[in-house]
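*Asks:* What follows is a single structure, and I will ask about it in a moment.
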Amino acid sequence: MLADGDITDESFPHIAGQGTAGNIVTLYDNGSAIASVTVDADGRWRWTPDAAFADGSHKLYTTEADPDGRVSGASATITITVDTIAPEEAKAPAAADDFGDITSALSSGDVTDDAQPKLSGRGDTGSTVTIYDNGAAIGSAVVGADGSWH
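Residues in the sequence shown are numbered from 82 upward in steps of one, following the numbering used here.
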């Protein structure tokens with residue numbers, strides 16, 4: 082179930098809620114009505130879009146109408162972000178030896194006396210970069226607002 086602030090890679094998100102059995106719930110996305118569904122006998126409603134949600138922010142809220150046509154005020158708004166675009170292909174990290182007598186940037190194949198060379202690189206803001214050594218994950222870093230990680 083999606084909650085306020087969630088990010089999803091699902092462009093056809095399942096959206097559900099509760100209401101009064103028999104009432105009609107209207108779902109709004111960024112202020113425009115996108116669906117109307119009937120609350121079932123158990124007081125639940127659910128909806129999946131026929132067309133994909135566009136990537137980006139979606140501010141969702143509902144109203145509920147009874148059989149006499151009286152409409153409630155708007156529910157609280159939840160904001161979800163649809164992000165179906167994969168990050169760019171990973172680039173090789175930069176490595177630097179900052180220990181011992183000789184310190185410098187390292188190139189592929191270099192020998193170092195630094196058991197923990199500094200690694201850094203660039204990526205999509207907010208993405209998590211995982212560092213592997215011979216196929217085993219050895220650490221991770223979150224890409225900062227400036228697009229760099231270290």
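Glycine residues also receive a C-beta, built at the ideal position from the N, C-alpha and C atoms.
Assuming Ala226 and Thr209 are in contact, meaning their beta carbons sit under 8 Å apart, how far apart are those beta carbons, in whole angstroms?
*Replies:* In this structure, Ala226 and Thr209 do not form a Cβ contact; the two beta carbons are roughly 15 Å apart against a cut-off of 8 Å.
*Asks:* In terms of alpha-carbon separation, which member of Gln197, Ser138, Trp126, Gly137 lies closest to Thr144?
*Replies:* When only C-alpha atoms are compared, the closest one is Trp126.
*Asks:* Give a yes or no on whether the C-beta atoms belonging to Asp90 and Thr160 are separated by under 8 Å.
*Replies:* Here Asp90 is not near Thr160, since their CB atoms are 8 Å or more apart.
*Asks:* Tell me the rounded alpha-carbon separation between Ala196 and Gly228.
*Replies:* 26 Å
*Asks:* Would you tell me roughly how many angstroms separate the C-alpha atoms of Gly216 and Ala135, rounded to the nearest one?
*Replies:* 35 Å
*Asks:* With a Cβ-Cβ cutoff of 8 Å, do Leu141 and Tyr109 count as a contact?
*Replies:* Tyr109 is positioned such that its CB atom lies closer than 8 Å to that of Leu141.
*Asks:* What is the DSSP secondary structure of Ser234, reduced to helix, strand or coil?
*Replies:* Lying before the first or after the last residue shown, residue 234 is absent from the chain, which here runs from 82 to 231.
*Asks:* Distance, Cα to Cα, Asn104 vs Ala171?
*Replies:* 50 Å
*Asks:* Identify, in the order they occur along the chain, each residue of the same chain with its Cβ nearer than 6 Å to the Cβ of Ile219, setting aside the five sequence neighbours on each side.
*Replies:* Ile212
*Asks:* Following the continuous beta strand (DSSP E) through Gln99, name the residue where it begins and the one where it ends.
*Replies:* 96 to 99
*Asks:* In whole angstroms, what is the alpha-carbon distance linking Ser138 and Gln99?
*Replies:* 23 Å
*Asks:* For the beta strand (DSSP E) containing Val106, name the first residue and the last one.
*Replies:* 105 to 110
*Asks:* Quick one: Cα of Phe93 to Cα of Pro148, how far?
*Replies:* Phe93 and Pro148: Cα-Cα distance of roughly 29 Å.
*Asks:* Using DSSP's beta-bridge definition, name the partner residues of Val210.
*Replies:* Looking at the DSSP assignment, Val210 forms a beta bridge with Ala222.
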